[in-house]
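Protein sequences, first through last, are from chains A and B.
Here the first sequence is numbered in the numbering used here, starting from 9 and rising by one per residue.
Here the second sequence is numbered in the numbering used here, starting from -5 and rising by one per residue.
Just so it is clear, CB atoms sit at the ideal spot from N, CA and C, and this is done for glycine as well.
Owing to the predicted nature of the structure, the values given are computational and were not obtained by experimental measurement.
Below is one structure, written out as structure tokens; comments come after it.
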Amino acid sequence: MVLEHEILPYLQWLLGGEGNALGALPRFCLVMIGLALLALVGGYVFAAARHGMLGGGDLVFQTVSSGFREMLELSPRRVWALASLAMKEAWRRRVIVALVVFFLILLFASWFLKTDNQNPAELYISFVSTATTYLVLGIALLLSAFSLPNDFKTKTIFTIVTKPVRAGEIILGRIIGFTIVCTALLVVMALCSYVFVNRSLDHEHRVEENSLTRDESGGQLLGYKGRTSLDAYHRHDVLLDAEGEGSTADGLGALRNFGHSHSIEVHGDGHQVLHAEGIMQARVPRWGRLRFLDRQGVEKERGINVGNEWTYRSFIEGNSQAAAIWLFDDIDESLASTEGGLEVGLIVEVFRTYKGIIGQAIGGAFQVRNPETGVKSGLIFFDALDDKILDIKIARKLTSTDNVDLDLFQDLVSKNGKLEIVVQCMPRSQYFGFAQPDCYLRLPDASPAWNYVKVYLSIWVQMVIVTSIGVAASALLSGPVAMMFTVSFIVLGFFRDFFVEVATGVSYGGGPVESLFRLVTQMNVVSPLEPSASTSLIKVVDAGLQGLMWSVAQVLPDFSAFSTVGFAASGFDVPIDRVLQDLTTCLAYVIGLAVIGYFLLRTREVAK
Amino acid sequence: MSEEIVVQTRALSKVYRDFWGRQKVRALKALDLEVHRGEVFGLLGPNGSGKTTTIKLILGLLFPTSGESLVFGKGANDVSKNERIGFLPEESYLYRFLNAEETLDFYARLFDMTPEVRQERVDTLIKQVGLDRARKRQLQEYSKGMTRRIGLAQALINNPDLVLLDEPTSGLDPIGTREMKDMILRLKDEGKTVIMCSHLLADVQDVCDRIAILHQGELKEMGRVDTLLKVADVTQVRARGLSKDCQNEIREVISRHNGELLEMDNPTTTLEELFLSIVRDSEARPGRRAKVEPPADGGST
């Protein structure tokens, strides 16, 4: 799977430290202080224009001081009363329709989703998660953006603000109420989609009895080999023991294909293929640090760039000294697999300068090395297909390049628990591409069901943020305008990386005005503009706009980064650090937006 | 501010402006008034005179352009003053998807009442406003009168010391109007302060102790109702059992003292009293029809 940003340990992410100049908490405080100063200055200018300099200052002081006082006077009972009202309002608005739409999608999805995909679990999990995300975010958007404006329109807000209700309670009550409603929808969708995915991917095979051949050695029957029937667009190779049975735990049965395997039992005169196993996995990786050697064996931070492509991976050339080296920390025998060694996962992106035999794997080799003593194992060969996860078992007992027996943990792990894995490409003129997460030590798998819950937790986080934005915006804006504002936030959030690239001038084509100029004059994005007064004006305006965009980017939620669907779809466990980071970010947005919503509502004339 | 003064406004002004800050309407001009504890105070005026604007400024629903208003010594923007206030808006702006019980329970919770106290208040008020049989029906099914009654109930949910009523009898039938006026007088007897604004003069005259008359945002007159309405130079005598001779003698006495007899006739009751007595009689004796008197000239009816 692709992991463009390293997942830092939670406390390091929160407070900052090595590799993360500013922690999330200090950054949050800075943003809030910046917004507060902006609001104070803007509020004072506006108030001074209406009431004079002294009157404006007094008004701003009164607003801020009473605001802090009221925040301390929040009543949980009142907040809950308003939340209950919001839930009843959502029910009255028939949010249940979202579930009906979801069920219809699931009902007809099988017509369009084919299971001939090499990794059907990825397809199905991505599909149901995406459908859930869009539906839940849509419902959250509509509920949150129109609720308060509707209260203003029908003037029901009069009977609330004339009670001892603080503006913060109105904002919080709505956020909590709509969050509860959307959470209930999400739970139902999660349960239904989990059942849907499991039922859709479950299938049966038969053992083709006439394909079974005896596997003998020295006259002794070791087992049987054969294949299964072709079902669900695939078949499996079959490996049975001497009794004619095969358990996947022993590496027997219907061998892994299309991302799963089956155990096989003797049934009467024939065999029975049991249900698919491992369709939904939750691999728990332990990642290391990657560095490269170029073709001369010189250490580099990155490998070769094979063209103007996505730079997530860099490449090593085959049949040369070029290598990708991962350094793992804190290795000890507690990480040993059931066979006593280590399990390694490796994802290879293959770049071919010549096609060769299409569909044939490209050979590679790796070694295990002690970074302290330099002792390394002999070459362990593997066959790599593009973008496939290779599960490699490193045995406890290995031999060195000098044919000396080695113990993995005694000889190849250094005294301070470090271990290196060195990967090379064998054929000349072919390349292997790697990113840091592409090699990992595989720890015991986590629960796929719990992993599924964590994926839906990331959807929940997005939903809560959308709800908070909608409620805060609707404290000042009308319903349709609040909805458009929230939609803009969502869209910009999904394209935040591109937005930041434009804001920082990294992307081609310059800033917004320059891009528009290039578009209108049909210029390419690379050629520099002719020096002129208009070019200078464009640059100046763009500098201002880009500054504004950069400021906005600091508060934009990165919706694309929140999604952890990729983890589950690729069969990886969502790290708990990631879950905690997302929940903390969500809390930060709720707090910030609740404060903003409070001041917007507080300073608004209710009866105007 | 003395304990006796519940509401006080000082030079309270409101100018409605457009988005660009240009003046559109001067709704209230430098209003100074005081409302004392335990009185029923009426704000009178034609449509657009600033009555509702005054109420909204007192409640903090609008911000004053200049001046200030104090309620129980606290500024209009101080939310804590609302603990002692009940407000019945011109239309009952309530959540139509709730029923009566849910509505009152919701507003009671906004006063941080415990469940036991809430239950007791809700039951009492529903019975008090006569909606016991309709407590489980959603408000969208209520008639205008029923909606006003539940609106009144929510205004009284916290047993407020100050009740503000905006056009309380607007849209009500004579029975509803009478009940509303009786309720206002009952509130006064309980020691509560009531501010009501209305353009229905007869209703205000029946219940208010003091009134303020607004016109085009300005205070034109303020004082006690009985004092303001008294016609100083006319004497009214009402007597029973006077014979024709006695009436003639009274005429002569007035003439001897150079007085001008304006009217000596049998007084009339009010249309409201007539209406109410007919309705009460009809409820007491259902099925009874009015007798239609034949015309005096013997023609057909």
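Exercise for the section: Run down chain A in chain order and give the residues with a C-beta less than 7 Å from the C-beta of residue 74 of chain B. Expected result: 172
Problem - Supposed close pair residue 191 of chain B, residue 37 of chain B - CB separation, criterion 8 Å - result: 4 Å
Practice task
Give the straight-line distance between the Cα atoms of residue 562 of chain A and residue 58 of chain A, rounded to the nearest whole angstrom.
Solution key: 32 Å
Handout entry: Contact set between residue 486 of chain A and chain B, taken where Cβ atoms lie within less than 9 Å
Key = Per Cβ cutoff of 9 Å: no residues; residue 486 of chain A is ~13 Å from chain B at best.
Exercise for the section: Please go through the same chain and pick out, in chain order, the residues whose beta-carbon is closer than 7 Å to the beta-carbon of residue 8 of chain B, but skip the five residues on each side of it. Expected result: 21, 22, 47, 51, 56, 58 and 59
Handout entry: Best match in A:389, A:600 and A:393 for proximity to residue 400 of chain A [C-alpha to C-alpha]
Key = A:389
Practice task
Leaving out five residues on either side along the sequence, give the residues of the same chain with a beta carbon under 8 Å from the beta carbon of residue 425 of chain A.
Solution key: 337, 338, 339 and 340
Practice task
Determine, using beta carbons only, whether residue 616 of chain A comes closer than 8 Å to chain B.
Solution key: yes
Practice task
Express the C-alpha separation of residue 489 of chain A and residue 60 of chain A in angstroms, rounding to a whole number.
Solution key: 31 Å
Handout entry: Extent of the continuous beta strand (DSSP E) to which residue 390 of chain A belongs
Key = 388 to 392
Problem - Per-residue DSSP class, three states only, for residue 202 of chain B - result: coil
Problem - Residue from A:395, A:386 and A:433 with nearest C-alpha to residue 411 of chain A - result: A:386
Handout entry: Contact set between the segment 133 to 149 of chain B and chain A, restricted to residues whose Cβ is under 7 Å from the partner
Key = 148
Handout entry: Backbone secondary structure at residue 573 of chain A - three-state DSSP
Key = helix
Handout entry: is_contact[residue 88 of chain B, chain A] using C-beta, thresh 8 Å
Key = yes
Practice task
Quick one: grab the DSSP three-state call for residue 204 of chain A.
Solution key: helix
Handout entry: Residue from A:528, A:176 and A:327 with nearest C-alpha to residue 305 of chain A
Key = A:327
Handout entry: CB contact flag (residue 406 of chain A, residue 430 of chain A, <8 Å)
Key = no
Handout entry: Within the segment 74 to 103 of chain B, ranges of the beta strand (DSSP E) (whole runs, at least 3 residues)
Key = 79 to 82
Practice task
Select from the segment 161 to 190 of chain A all residues with a C-beta closer than 9 Å to any C-beta belonging to chain E, and list them in chain order.
Solution key: Looking for chain E here will not work: the only protein chains present are A and B.
Exercise for the section: State yes or no: is the C-beta of residue 35 of chain B within less than 8 Å of the C-beta of residue 160 of chain B? Expected result: no
Practice task
Provide the residue(s) that pair with residue 216 of chain B in DSSP beta bridges, ordered along the chain.
Solution key: B:206
Problem - Length at least 3, wholly inside the segment 191 to 267 of chain A: the beta strand (DSSP E) runs in chain order - result: 221 to 225, 228 to 235, 245 to 249 and 261 to 265
Exercise for the section: Report buried or exposed for residue 539 of chain A, applying the criterion of at least 16 other Cβ atoms within 10 angstroms of its Cβ. Expected result: exposed
Handout entry: Spatial distance of residue 616 of chain A from residue 166 of chain A (CA atoms)
Key = 11 Å
Practice task
Answer yes or no: do residue 95 of chain A and residue 176 of chain A have a C-beta to C-beta separation smaller than 8 Å?
Solution key: no
Exercise for the section: May I ask you to report which of helix, strand or coil DSSP gives residue 413 of chain A? Expected result: strand
Practice task
With DSSP as the reference, label residue 249 of chain B as helix, strand or coil.
Solution key: helix
Exercise for the section: Identify the contact partners of residue 40 of chain B in chain A, using a Cβ-Cβ distance below 9 Å as the criterion. Expected result: By Cβ distance, chain A contributes nothing, its closest Cβ being about 20 Å from residue 40 of chain B, past 9 Å.
Handout entry: Selection from A:505, A:549, A:460 and A:493 that minimises the alpha carbon distance to residue 522 of chain A
Key = A:549
Exercise for the section: Helix, strand or coil for residue 462 of chain A, going by three-state DSSP, please let me know. Expected result: helix
Practice task
Indicate the three-state DSSP secondary structure (helix, strand or coil) for residue 125 of chain B in the structure shown.
Solution key: coil
Handout entry: Selection from B:103, B:200, B:253 and B:10 that minimises the alpha carbon distance to residue 175 of chain B
Key = B:200
Handout entry: Contact under 8 Å by Cβ, residue 182 of chain A with residue 145 of chain A
Key = no
Practice task
Tell me, please, whether the CB atom of residue 462 of chain A is closer than 8 Å to any CB atom in chain B?
Solution key: no
Exercise for the section: Answer yes or no: do residue 496 of chain A and residue 598 of chain A have a C-beta to C-beta separation smaller than 8 Å? Expected result: no
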